[in-house]
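Participant: First the structure, which I've put down as structure tokens, then a few questions once you've had a look.
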Amino acid sequence: MPKLLLNTLQGNPGDRVPFWFMRQAGRYLPEYREVRATTRSFMEFCYSPEKAAEVTLQPIRRYGMDGAILFADILVVPDGLGQKVWFEAGHGPKLEAIKDHTGFDNLSLGAFHDKVGNVYETVRRLKAELSSDVTLLGFAGAPWTVATYMIEGAGSKDHAAARQMGYGNPELFQKILDILVDATAEYLCAQIEAGADAVQIFDSWSAALPETMFQKWVIEPTVAIVDKIRAKHKEVPIIGFPRLSGAILPEFVSKTGVNAVSLDTGVPLEWARDNVQNKVCVQGNLDPHLVVSGGELMVDEAYRILETLKGGAHIFNLGHGFVPETPPENVALLSKTIKNFRR
Ligand code: 1CP
Numbered sequence: 001m002p003k004l005l006l007n008t009l010q011g012n013p014g015d016r017v018p019f020w021f022m023r024q025a026g027r028y029l030p031e032y033r034e035v036r037a038t039t040r041s042f043m044e045f046c047y048s049p050e051k052a053a054e055v056t057l058q059p060i061r062r063y064g065m066d067g068a069i070l071f072a073d074i075l076v077v078p079d080g081l082g083q084k085v086w087f088e089a090g091h092g093p094k095l096e097a098i099k100d101h102t103g104f105d106n107l108s109l110g111a112f113h114d115k116v117g118n119v120y121e122t123v124r125r126l127k128a129e130l131s132s133d134v135t136l137l138g139f140a141g142a143p144w145t146v147a148t149y150m151i152e153g154a155g156s157k158d159h160a161a162a163r164q165m166g167y168g169n170p171e172l173f174q175k176i177l178d179i180l181v182d183a184t185a186e187y188l189c190a191q192i193e194a195g196a197d198a199v200q201i202f203d204s205w206s207a208a209l210p211e212t213m214f215q216k217w218v219i220e221p222t223v224a225i226v227d228k229i230r231a232k233h234k235e236v237p238i239i240g241f242p243r244l245s246g247a248i249l250p251e252f253v254s255k256t257g258v259n260a261v262s263l264d265t266g267v268p269l270e271w272a273r274d275n276v277q278n279k280v281c282v283q284g285n286l287d288p289h290l291v292v293s294g295g296e297l298m299v300d301e302a303y304r305i306l307e308t309l310k311g312g313a314h315i316f317n318l319g320h321g322f323v324p325e326t327p328p329e330n331v332a333l334l335s336k337t338i339k340n341f342r343r
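Dropping the structure here:
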């Protein structure tokens with residue numbers, strides 16, 4: 001069966017708009033919470049192929065998305081490099097923060113694939129179990145976003161520690177970005193070799209960087225990863241997501257050469273149609289909080305997105321991930337709305 005989502009990523013849209021949702025697996029689904037409750041540590045959960053494959057498939061069974069996104073986390077990469085990573089209930093991710101060269105010297109690519117190899121096993125299982133019309137999406141965090149966690153030692157509002165290292169110790173900061181480029185490219189290539197049809201690179205925290213730093217910290221590492229993937233897997237589409245990057249988005253697209261870009265909720269759609277969708281496939285951008293309230297307003301906004309972007313390659317998605325309080329029945333109504341729309 002043809003893969004509508006993959007074809008759309010390759011620039012051949014059909015008459016129905018394919019869809020998937022960021023964080024489509026997760027706490028808003030009771031069946032996710034049930035499987036999640038069987039493993040205490042979140043990282044261990046990510047490294048359990050049977051459970052990770054199961055929670056990846058749960059939303060597809062319920063709603064029939066055109067894409068299944070591998071269940072894992074962006075912090076698998078620092079873990080694979082040897083940094084200590086753990087999740088505390090109610091506090092999100094914690095890492096042993098890298099403050100200086102000693103912290104950096106503890107990182108190594110040597111044991112990377114052994115450490116994260118169970119993620120590749122999850123991809124292999126998904127490839128075997130998924131229906132042939134569903135596109136399997138691999139993913140990783142972009143170096144800048146992952147570095148914010150590695151340097152801060154946790155999530156943060158303004159990524160102060162990473163910015164300050166980038167300005168105050170640019171040599172050390174560049175070394176962190178460089179090892180992340182190598183690890184991320186290898187990680188995504190291994191996901192592709194295990195069966196991923198396309199990959200997305202999440203740069204969730206690329207907002208409000210000065211233009212020069214956006215070039216160095218967001219665009220350049222992404223270019224390097226795209227080049228490394230293309231050297232081995234020329235045909236596999238790559239989706240970028242420089243979240244909240246604003247007016248620099250068209251430059252991100254032309255310089256990185258990604259096949260598609262995810263639009264955050266704030267991107268004006270007619271602008272995106274005229275400046276981005278004229279170059280590559282776009283994905284987005286419903287406000288995830290609209291799916292919490294649901295109803296007519298959610299449906300009207302979904303139509304506005306579908307109508308505005310119907311002239312080119314478009315994959316329906318959210319502008320960011322589902323929040324845990326999302327009622328599953330609203331996801332059902334949204335999925336039905338998108339499936340019934342024709343371009
Ligand atoms: O048990 C739980 O439900 C914990 C919540 C959770 C989940 C469901 C975390 C912790 N990670 C995940 C899975 C996850 N993370 C996926 C897989 C599946 C899917 O989308 O359905 C993906 C793609 C991610 C990617 C991810 N992790 C990003 C990039 C996308 C984004 O949301 O911007 C980021 C920034 C993370 C870090 C992270 N992991 C988890 C949390 C709570 C966070 C954010 C912490 C913060 O706000 O700084």
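Numbering (the working numbering), first residue to last: 1 to 343.
Each residue gets a CB set at the ideal place from its N, CA and C atoms; glycine is no exception.
(1) Distance check for Q283 and R230, CA to CA, integer angstroms please.
(2) Counting only runs of 3+ residues fully inside the stretch 264 to 335, write out the beta strand (DSSP E) ranges in chain order.
(3) Which of helix, strand or coil does DSSP assign to V199?
(4) Return the bridge partner residues of S262 from the DSSP annotation.
(5) Are there 16 or more other CB atoms within 10 angstroms of the CB of E50, so buried, or fewer, so exposed?
(6) Cβ of R163 versus every heavy atom of the ligand 1CP: is any distance shorter than 7 Å?
(7) Would you mind working out which of K99, P143 and P288 sits nearest P328, comparing C-alpha positions?
(8) Let me confirm a value: Q164 is counted as buried when at least 16 other C-beta atoms fall within 10 Å, else exposed. Which label applies?
(9) Taking DSSP as the reference, what is the three-state secondary structure of F173?
(10) Quick one: using the 10 Å Cβ neighbour count with 16 as the cut-off for buried, is R125 buried or exposed?
(11) So what does L75 bridge to, in DSSP terms?
(12) Would the stretch 220 to 236 and the stretch 180 to 190 be scored as touching if the rule is three or more Cβ pairs under 8 Å?
(13) Just checking P30 against the ligand 1CP - is the residue's beta carbon closer than 7 Å to any of the ligand's heavy atoms?
(14) If P250 sits next to A154, beta carbons under 8 Å apart, how far is it from one beta carbon to the other, in whole angstroms?
(15) Which whole-angstrom value is the C-beta distance of S262 and N330, which I expect to be below 8 Å?
(16) Can S204 be considered in contact with the ligand 1CP, in the sense that its beta carbon sits closer than 7 Å to one or more heavy atoms?
(17) Spatial neighbours of L4 within its chain, please: CB distance less than 6 Å, with the 5 preceding and 5 following residues excluded, ordered by chain position.
Facilitator: Considering the structure as presented:
(1) Residue mapping note: residue 230 aligns to position 230 of the sequence shown, counting from 1. Residue mapping note: residue 283 aligns to position 283 of the sequence shown, counting from 1. When only Cα atoms are considered, R230 and Q283 end up about 21 Å apart.
(2) Within the stretch 264 to 335, the complete beta strand (DSSP E) segments of 3 residues or longer fall at 281 to 286 and 314 to 318, listed in chain order.
(3) As a position in the sequence shown, residue 199 is number 199, starting the count at 1. Residue state, collapsed to three classes: strand.
(4) Residue 262 sits at position 262 when you count from the first residue of the sequence shown. For S262, which the question treats as bridged, DSSP gives the partners Q283.
(5) Translated into the one-based positions of the sequence shown, residue 50 becomes position 50. Answer is exposed; the Cβ neighbour count stays below 16.
(6) Working through the sequence shown from its first residue, we reach residue 163 at position 163. Not so, every heavy atom of the ligand 1CP lies at least 7 Å from the Cβ.
(7) By one-based count along the sequence shown, residue 328 stands at place 328. Checked all of K99, P143 and P288; the closest Cα to P328 is P288.
(8) Within the sequence shown, residue 164 is the residue found at index 164, counting from 1. So Q164 counts as exposed.
(9) To locate residue 173, count along the sequence shown from 1; it is residue 173. Here F173 sits in helix by DSSP.
(10) Translated into positions along the sequence shown, residue 125 becomes position 125. Answer is buried; the Cβ neighbour count reaches 16.
(11) One-based indexing of the sequence shown puts residue 75 at position 75. Partner(s): none; L75 has no beta bridge.
(12) When C-beta atoms of the stretch 220 to 236 are compared with those of the stretch 180 to 190, three or more pairs fall below 8 Å, so the two segments count as touching.
(13) Position 30 of the sequence shown, counted from the start, is the residue given in the question as residue 30. No, the Cβ of P30 stays beyond 7 Å of every heavy atom of the ligand 1CP.
(14) Locating residue 250 in the sequence shown gives position 250, counting from the first residue. Locating residue 154 in the sequence shown gives position 154, counting from the first residue. About 33 Å separates the two Cβ atoms, so there is no contact after all.
(15) On the sequence shown, residue 262 is found 262 positions in, with the first residue counted as 1. On the sequence shown, residue 330 is found 330 positions in, with the first residue counted as 1. The Cβ separation is near 21 Å, so there is no contact.
(16) Within the sequence shown, numbered from 1, the residue matching residue 204 stands at position 204. Because some heavy atom of the ligand 1CP lies under 7 Å away, the Cβ of S204 counts as near it: yes.
(17) Translated into the one-based positions of the sequence shown, residue 4 becomes position 4. Cβ within range, chain order: G14, P18 and D66.
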